[in-house]
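Data block below; observations after.
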Amino acid sequence: MKKRTVSLVLGAGGARGYAHIGVIGWLQDHGFDIQSIAGSSMGALIGGIYAAGKLDTYTEWVRALEQTDVLQLLDLSFGSSGLFKGERIIQTLRDLIGDHNIEDLPLSFTAVATDLDAEKEVWLSKGPLFDALRASIAMPTLFTPFQYEGRRLVDGGLVNPVPIAPTLRDMTDLTIAVNLSGRGEAVLEQPGEARVTDGENRHKRMIHKYIEDLLGRKPAEREMPEMGMFDIISQSLDTMQNGIARLKLASYSPDIIINIPKNACRFYEFHRTDEIIALGRQRAEAALT
283 MKKRTVSLVL GAGGARGYAH IGVIGWLQDH GFDIQSIAGS SMGALIGGIY
333 AAGKLDTYTE WVRALEQTDV LQLLDLSFGS SGLFKGERII QTLRDLIGDH
383 NIEDLPLSFT AVATDLDAEK EVWLSKGPLF DALRASIAMP TLFTPFQYEG
433 RRLVDGGLVN PVPIAPTLRD MTDLTIAVNL SGRGEAVLEQ PGEARVTDGE
483 NRHKRMIHKY IEDLLGRKPA EREMPEMGMF DIISQSLDTM QNGIARLKLA
533 SYSPDIIINI PKNACRFYEF HRTDEIIALG RQRAEAALT
């Protein structure tokens, strides 16, 4: 039986992007042939690594990360355009995955970034893979913009968190979009700290303290850590991306939409790898069977 060919669109959404790993795994296990990928932000990162044939290597690596390892991958920027340079994590991934040019990958790949000066999205479908990924994940205020071919590029999720348009000319059987801004579900909510493990609490406090110390916050200003600076930044961007995602999905109708609830995890909860990967597999099965 001939495999169904797929154009896969991987959306932006921080740590929820680990769901993309689960979706890809499910598609592979059930006879789908992924021939084209377009992604924004975390979707570009996962999609690009898969296109390079190294998703299993990456998955093993992130599963082995300790909570403190996430902080150690952040390199402080001494400029004013972002808290972190992003070079350490990109170099770590380059060492893990290897250097690749996008045009040499075995399948079509497009990373979407935002051109700050031109105020428009940019499709990166040639050149060094990790240059494209660094540009697409450059979340404003957290990571410095990436200088690429005379342009200042930041996170693609700002303008196109579900980049379906780059796949419109594909001659595949199905276009499947993975939307990380799906409707929130009560079963996934974590009100207060009641349903968060002690380890997750420590991880959250560690990130808050690290970010707020960098911002020069005084102890007296930390009376409401649940809405610290990091939370405000990530929740604001989530709110914006969720609205844009709804518009994009209404404008370009893929054949299949796999929705990952927007409250599946917080933007920065990168230590919840296995849980979010499993959620991606579950939602792929629900959408495609």
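In the numbering used here, the protein residues as written are 283 to 571.
Ideal Cβ positions, reconstructed from N, Cα and C, are used throughout, including at glycine.
Computed from a prediction, not measured in an experiment: that's the story for all the values here.
Between the options, which has its C-alpha nearest residue i's C-alpha?
i      : options                           : result
Arg345 : Glu551, Ser533, Thr571 and Ala568 : Glu551
Leu435 : Asn442, Thr423, Ala417 and Ala447 : Ala417
Met522 : Gly368, Ser289 and Ala294         : Ala294
Ala334 : Ile372, Gly464, Leu398 and Gly380 : Gly380
Ser463 : Leu292, Ala527, Ala326 and Ala297 : Ala527
Ile419 : Thr457, Gln354 and Ser323         : Ser323
Gln429 : Ser289, Lys367 and His553         : Lys367
Arg451 : Gln517, Pro536, Leu358 and Gln310 : Pro536
Ile331 : Leu356, Gly299 and Leu358         : Gly299
Arg565 : Glu467, Ala301 and Glu431         : Ala301
Met421 : Ile319, Gly466, Ser518 and Trp343 : Ser518
Ala297 : Arg548, Glu401 and Ala569         : Arg548
Ile372 : Gly325, Leu415, Glu567 and Arg433 : Leu415
Asp520 : Leu570, Arg465 and Thr571         : Arg465
Gln378 : Leu356, Trp405, Thr339 and Ala400 : Residue identity differs from the one stated: residue 378 is Leu in this sequence, not Gln. Here the closest residue by C-alpha is Thr339.
Phe412 : Thr423, Ala400, Thr392 and Glu401 : Thr392
Ala400 : Gly432, Gln354, Lys284 and Met453 : Gly432
Lys284 : Leu355, Pro410 and Thr454         : Thr454
Gly325 : Gln354, Leu290, Leu347 and Thr555 : Leu290
Thr374 : Leu355, Val305, Leu387 and Leu292 : Leu355
Can you name, in chain order, every residue of its own chain whose Cβ lies under 8 Å from the Cβ of residue i, other than the five neighbours on each side?
i      : result
Lys408 : Asn383, Ile384 and Glu385
Glu403 : Val394, Ala395, Thr396, Asp397, Gly438, Val441, Asn442 and Pro445
Leu531 : Val444, Ile446, Ala459, Asn461 and Ile539
Tyr534 : Ile446, Ala447 and Leu450
Glu557 : Cys547
Pro410 : Asp381, His382, Asn383 and Ile384
Trp343 : Leu378
Leu347 : Phe552, His553 and Thr555
Does the ligand NAP have even one heavy atom less than 7 Å from the beta-carbon of residue i?
i      : result
Gln429 : Absence of the ligand NAP is noted for the structure shown, with no ligands found whatsoever.
Buried or exposed, going by whether 16 or more other CB atoms sit within 10 Å of the CB of residue i?
i      : result
Ile604 : With the chain running from 283 to 571 in the structure shown, residue 604 is simply not present.
His312 : exposed
Ala546 : buried
Pro543 : buried
Gly321 : buried
Thr571 : exposed
Glu307 : Note on residue identity: the sequence assigns Gly, not Glu, to residue 307. By the 10 Å Cβ count, Gly307 comes out buried.
Ser406 : Checking the displayed sequence, the identity of residue 406 turns out to be Leu instead of Ser. Buried, by the Cβ-count rule.
Leu529 : exposed
For residue i, which residues in the same chain have their Cβ closer than 7 Å to its Cβ, ignoring the five residues on either side in sequence?
i      : result
Ser363 : Thr426 and Pro427
Ile303 : Ile328, Leu337, Thr341, Ile559 and Gly562
Pro524 : The sequence given here places Asn at residue 524; Pro does not occur at that position. Excluding residues within five positions, the ones whose Cβ falls inside 7 Å are Ser463 and Lys544.
Arg376 : Phe412
Leu309 : Val288, Ile316 and Ala566
Ser359 : Leu365, Phe366, Lys367 and Thr426
Tell me which residues share the same chain as residue i and place their Cβ nearer than 6 Å to its Cβ, disregarding the 5 neighbours each side in the sequence.
i      : result
Arg504 : Unreliable placement is indicated for Arg504, whose pLDDT of 47 sits below 50; no coordinate value is reported for it.
Glu471 : The predicted model places Glu471 with a pLDDT of 45, which falls under 50 and marks its position as unreliable, so this point remains unresolved.
Phe314 : Arg286 and Val288
Asn541 : Asn461 and Gly464
Ala569 : Ile538 and Ile540
Ser390 : Ser318
Glu467 : Pro543
Arg477 : Confidence is the limiting factor: at Arg477 the pLDDT is only 40, short of 50, which leaves the residue's position unreliable and the question unanswerable from this model.
Thr555 : Tyr300, Val344 and Arg345
Thr457 : Ser289, Thr449, Pro536 and Asp537
Met506 : The predicted position of Met506 is uncertain, since its pLDDT is 46 and thus under 50; a value taken from the coordinates is nonetheless stated next. None.
Of all Cβ atoms in chain B, is any one closer than 8 Å to the Cβ of residue i?
i      : result
Asp397 : Among the chains of the structure shown, chain B does not appear; only one protein chain is present.
Alpha helix (DSSP H) runs contained entirely in the segment 382-446, provided each spans 4 or more residues: 411-418
Inside the segment 290-332 only - beta strand (DSSP E) runs reaching at least 3 residues: Complete beta strand (DSSP E) runs here, min 3: 314-322.
Ordered list of alpha helix (DSSP H) runs contained in the segment 510-546, each at least 4 residues: 511-533
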